[in-house]
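Residue numbering for the sequence shown is -35 to -1, 1 to 241, as defined by mature numbering (1 follows the signal peptide of the UniProt record, and there is no 0).
Where is the CB? At the ideal position from N, CA and C, for every residue including glycine.
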Amino acid sequence: MGRLATCPSTMKILFGFMILTVLMLICMEPNQVEAQVEPPYPPDYEVRALREIATELGKKDWNYNENPCNNKSSWFTPPPPPNVPEAINNSTVTCNCSFPNGECHIDGIYLLGQDLDGVLPRSLVKLSYIKVLVLYLNYLNGKIPREWAALKLETLNVAMNRLSGPIPSYLGNITSLKYLSLENNLFSGTIPPEFGKLVNLENLTLSANYLVGKFPSFLANLSNIKELRISSNNFSGKMPDIFQSWKQLEKLEIQGSGFEGPIPSSLALLHDLVEL
Ligand SMILES: *[C@@H]1O[C@H](CO)[C@@H](O)[C@H](O)[C@H]1NC(C)=O
Ligand SMILES: *[C@@H]1O[C@H](CO)[C@@H](O)[C@H](O)[C@H]1NC(C)=O
Ligand SMILES: *[C@@H]1O[C@H](CO)[C@@H](O)[C@H](O)[C@H]1NC(C)=O
Ligand SMILES: *[C@@H]1O[C@H](CO)[C@@H](O)[C@H](O)[C@H]1NC(C)=O
Ligand SMILES: *[C@@H]1O[C@H](CO)[C@@H](O)[C@H](O)[C@H]1NC(C)=O
Ligand SMILES: *[C@@H]1O[C@H](CO)[C@@H](O)[C@H](O)[C@H]1NC(C)=O
Ligand SMILES: *[C@@H]1O[C@H](CO)[C@@H](O)[C@H](O)[C@H]1NC(C)=O
Ligand SMILES: *[C@@H]1O[C@H](CO)[C@@H](O)[C@H](O)[C@H]1NC(C)=O
């Protein structure tokens, strides 16, 4: 320390400090003005819902004294630096603050790698504007709540948990879903026929469960599907030749799914990106 330190005169220090201050004022002014515009809190009923959701999930570190919509503190994991991939561990609540009346509403909950050991929260239905729920990589157990049938979710990712039982038919009621992953859980039984109603699905992952039965022909209904992953299950029988219906399909993963060959010729002809 001593070796590096020089002894500039007081004038030099003062002058340097003044220049620095002027520069900081010039650079920071617009940001500071922006930062002073705090978004409103979401409505009380949404904050109450968050408390109930936290209890069900086993989430203990949300700070209710802070605004869940301010991108700060316990409500937000900031994006990674440029060129760094998204982190596995993430605890973020997002809000849409663009409602015409100036209100903010919670529209996303991302809790990845948070060691949550509770259950999937029934109280989620109290968040009327929720579109995204990601609970990837926790120890959540139990079933998908019946109440969720009323949600308007676009993304539901509960992969890498300990969820069990049959996949409920009422999941087919969430017709707004574009992305659904139930990967790496303990789901058993067959794929419910109601999945044929999920016509907006682009990305479906059911890999690494204990699903059985024949390849469901009602999945031909999913005409917007781009990526389908059903590897590592206990399906049986042959794959039907339904791939003509999936004109958007870009990726298919069926290794270890249990289905018997041969692979339908339409599949081989239509798509380059097949992984078997
Ligand atoms: C929070 O972050 C999101 C996405 O990065 C952004 O759209 C939004 O404007 C931010 N909200 C506040 C209050 O800074
Ligand atoms: C955490 O998740 C939010 C929402 O998806 C995302 O905007 C943010 O970049 C993530 N942070 C990290 C470090 O991956
Ligand atoms: C993610 O969280 C888990 C569980 O709390 C922890 O063991 C792990 O070290 C964390 N990983 C990173 C990259 O922070
Ligand atoms: C936010 O809500 C407004 C009003 O409902 C809607 O028009 C807009 O698309 C929403 N924004 C996002 C990013 O979902
Ligand atoms: C799912 O939708 C069907 C048909 O609209 C309806 O009869 C059923 O009650 C819904 N299921 C649940 C659990 O809400
Ligand atoms: C297929 O989708 C249509 C809507 O596009 C729906 O009316 C029909 O019930 C679905 N079929 C099955 C088998 O789910
Ligand atoms: C589908 O999900 C995978 C894995 O999460 C992702 O890499 C891919 O970009 C998604 N594709 C679409 C079309 O959303
Ligand atoms: C289920 O499939 C896995 C591989 O995906 C296999 O190891 C296991 O033996 C199968 N179990 C039954 C009961 O068929």
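Contact set for residue i: own chain, Cβ-Cβ below 6 Å, skip 5 residues either direction
| i | result |
| --- | --- |
| E148 | A124, T170, S172, A173 |
| Y94 | H70, D72 |
| residue 242 | Outside the displayed range of the chain (-35 to 241) lies residue 242, so it cannot be described from this structure. |
| K91 | A14 |
| P131 | G154 |
For residue i, the first and last residue of its enclosing alpha helix (DSSP H)
| i | result |
| --- | --- |
| residue 275 | No information on residue 275 is available, as it lies outside the stretch -35 to 241 that the chain covers here. |
Residue i, buried or exposed, once every other Cβ within 10 Å from all chains shown has been counted against 16
| i | result |
| --- | --- |
| P86 | buried |
| F160 | buried |
| F64 | exposed |
| L151 | exposed |
Residue i CB to nearest heavy atom of ligand 1 below 7 Å
| i | result |
| --- | --- |
| N138 | no |
| P4 | yes |
| N199 | no |
Residue i Cβ short of 7 Å to ligand 5 heavy atom set
| i | result |
| --- | --- |
| R111 | yes |
| Y144 | no |
Terminal residues of the beta strand (DSSP E) in which residue i lies
| i | result |
| --- | --- |
| G73 | 70 to 77 |
| N168 | 168 to 170 |
| V2 | First-last for V2: undefined, no H or E at that position. |
Residue i CB to nearest heavy atom of ligand 7 below 7 Å
| i | result |
| --- | --- |
| E168 | The question names Glu, but residue 168 is Asn in the sequence shown. True, at least one ligand heavy atom lies under 7 Å from that Cβ. |
| K191 | yes |
Nearest-angstrom Cα separation, counted from residue j out to residue i
| i | j | result |
| --- | --- | --- |
| V12 | Y75 | 16 Å |
| F224 | G67 | 52 Å |
| I156 | V97 | 23 Å |
| N165 | S182 | 17 Å |
| I109 | R16 | 19 Å |
| L105 | S188 | 32 Å |
beta-carbon residue i near ligand 6 non-hydrogen atom, thresh 7 Å
| i | result |
| --- | --- |
| I161 | The question names Ile, yet the displayed sequence has Gly at residue 161. Flag set: Cβ of G161 near ligand 6. |
Contact test: residue i Cβ vs ligand 2 heavy atom, cutoff 7 Å
| i | result |
| --- | --- |
| E31 | no |
Contact test: residue i Cβ vs ligand 4 heavy atom, cutoff 7 Å
| i | result |
| --- | --- |
| D72 | yes |
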